[in-house]
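Novice: Questions regarding the structure given below will be posed in turn.
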Amino acid sequence: MRIMRVEKTLVSTNRIDGFGHRPLLVVQDKPGGTRSVAVDAVGCIPGDWVICVGSSAARDAAGAKDFPSDLTIVGIIDHWNPEAI
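This is the structure:
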(Lines of atoms letter the chains of each structure in order from A and count residues from 1; the text may use other names and numbers.)
(Lines give C-alpha, C1' and ligand atoms only; values in the text may rest on other atoms or scores of the structure.)
Protein backbone atom coordinates (compact mmCIF):
# COMPACT_ATOMS: atom_id res chain seq x y z
CA MET A 1 0.00 0.00 0.00
CA ARG A 2 1.09 3.58 -0.66
CA ILE A 3 0.05 6.93 0.75
CA MET A 4 -0.57 9.42 -2.05
CA ARG A 5 -2.29 12.76 -2.60
CA VAL A 6 -4.98 13.34 -5.21
CA GLU A 7 -3.87 16.11 -7.55
CA LYS A 8 -6.74 16.30 -10.03
CA THR A 9 -9.36 14.43 -12.01
CA LEU A 10 -8.30 12.87 -15.29
CA VAL A 11 -10.95 13.03 -18.02
CA SER A 12 -10.79 10.26 -20.59
CA THR A 13 -13.90 9.86 -22.71
CA ASN A 14 -12.46 7.27 -25.11
CA ARG A 15 -11.59 4.15 -23.12
CA ILE A 16 -11.54 0.41 -23.56
CA ASP A 17 -14.81 -1.24 -22.51
CA GLY A 18 -13.17 -2.89 -19.50
CA PHE A 19 -12.73 0.46 -17.74
CA GLY A 20 -16.44 1.14 -17.64
CA HIS A 21 -17.22 4.50 -16.04
CA ARG A 22 -14.81 4.36 -13.07
CA PRO A 23 -13.30 7.75 -12.25
CA LEU A 24 -9.60 8.24 -12.90
CA LEU A 25 -7.47 10.54 -10.73
CA VAL A 26 -3.92 11.88 -10.98
CA VAL A 27 -2.02 11.14 -7.74
CA GLN A 28 1.46 11.88 -6.39
CA ASP A 29 3.35 10.41 -3.44
CA LYS A 30 5.03 13.77 -2.72
CA PRO A 31 4.88 17.33 -4.09
CA GLY A 32 6.85 17.47 -7.32
CA GLY A 33 7.02 13.67 -7.43
CA THR A 34 6.13 11.38 -10.27
CA ARG A 35 2.47 11.46 -11.24
CA SER A 36 0.44 8.28 -11.52
CA VAL A 37 -3.10 7.53 -12.63
CA ALA A 38 -5.31 5.69 -10.15
CA VAL A 39 -8.82 4.27 -10.36
CA ASP A 40 -11.01 5.87 -7.68
CA ALA A 41 -13.00 3.17 -5.88
CA VAL A 42 -14.10 5.34 -2.93
CA GLY A 43 -15.06 8.86 -4.12
CA CYS A 44 -12.06 11.17 -3.62
CA ILE A 45 -11.60 14.84 -4.40
CA PRO A 46 -8.44 16.78 -5.26
CA GLY A 47 -6.37 17.45 -2.15
CA ASP A 48 -7.34 14.21 -0.38
CA TRP A 49 -4.59 12.01 1.03
CA VAL A 50 -5.44 8.45 0.06
CA ILE A 51 -4.34 4.83 0.43
CA CYS A 52 -3.53 3.15 -2.89
CA VAL A 53 -2.90 -0.48 -3.72
CA GLY A 54 -1.13 -1.84 -6.77
CA SER A 55 -0.75 -5.00 -8.82
CA SER A 56 -3.40 -7.72 -8.44
CA ALA A 57 -4.77 -6.00 -5.31
CA ALA A 58 -5.55 -2.96 -7.49
CA ARG A 59 -7.56 -5.07 -9.91
CA ASP A 60 -9.48 -6.79 -7.10
CA ALA A 61 -10.21 -3.45 -5.40
CA ALA A 62 -11.45 -1.97 -8.68
CA GLY A 63 -14.00 -4.74 -9.02
CA ALA A 64 -12.58 -7.80 -10.79
CA LYS A 65 -9.39 -9.76 -11.39
CA ASP A 66 -9.50 -8.84 -15.08
CA PHE A 67 -10.03 -5.09 -14.50
CA PRO A 68 -7.27 -3.14 -16.32
CA SER A 69 -5.76 -1.26 -13.35
CA ASP A 70 -2.39 -1.36 -11.63
CA LEU A 71 -3.20 1.40 -9.08
CA THR A 72 -6.51 1.76 -7.21
CA ILE A 73 -7.51 4.12 -4.39
CA VAL A 74 -9.03 2.08 -1.55
CA GLY A 75 -9.29 4.63 1.28
CA ILE A 76 -9.33 8.31 2.17
CA ILE A 77 -7.06 9.29 5.07
CA ASP A 78 -8.82 11.45 7.67
CA HIS A 79 -5.71 13.11 9.13
CA TRP A 80 -2.22 13.08 7.60
CA ASN A 81 0.78 15.37 8.01
CA PRO A 82 3.52 14.32 5.56
CA GLU A 83 6.10 16.55 7.29
CA ALA A 84 5.64 14.71 10.60
CA ILE A 85 7.55 11.63 9.41
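Here the sequence shown is numbered in our numbering, starting from 741 and rising by one per residue.
Glycine included, C-beta positions come from ideal geometry on N, C-alpha and C.
Remember, it's a predicted structure, so these values are computed and weren't measured experimentally.
(1) Give me the Cα-Cα distance between His819 and Ile743, rounded to the nearest whole angstrom.
(2) Less than 8 Å between the beta carbons of Val767 and Val746, yes or no?
(3) Measure from the alpha carbon of Met741 to the alpha carbon of each residue in Pro786, Gly772 and Ala801, then state which is nearest.
(4) Who are the near neighbours of Leu811 in its chain, counting only those whose CB is closer than 6 Å to its CB and skipping five residues on each side?
Specialist: Taking the definition as stated:
(1) Cα to Cα, the separation comes out at about 12 Å.
(2) yes
(3) Ala801
(4) Ser776, Ala778, Cys792, Gly794 and Ala798
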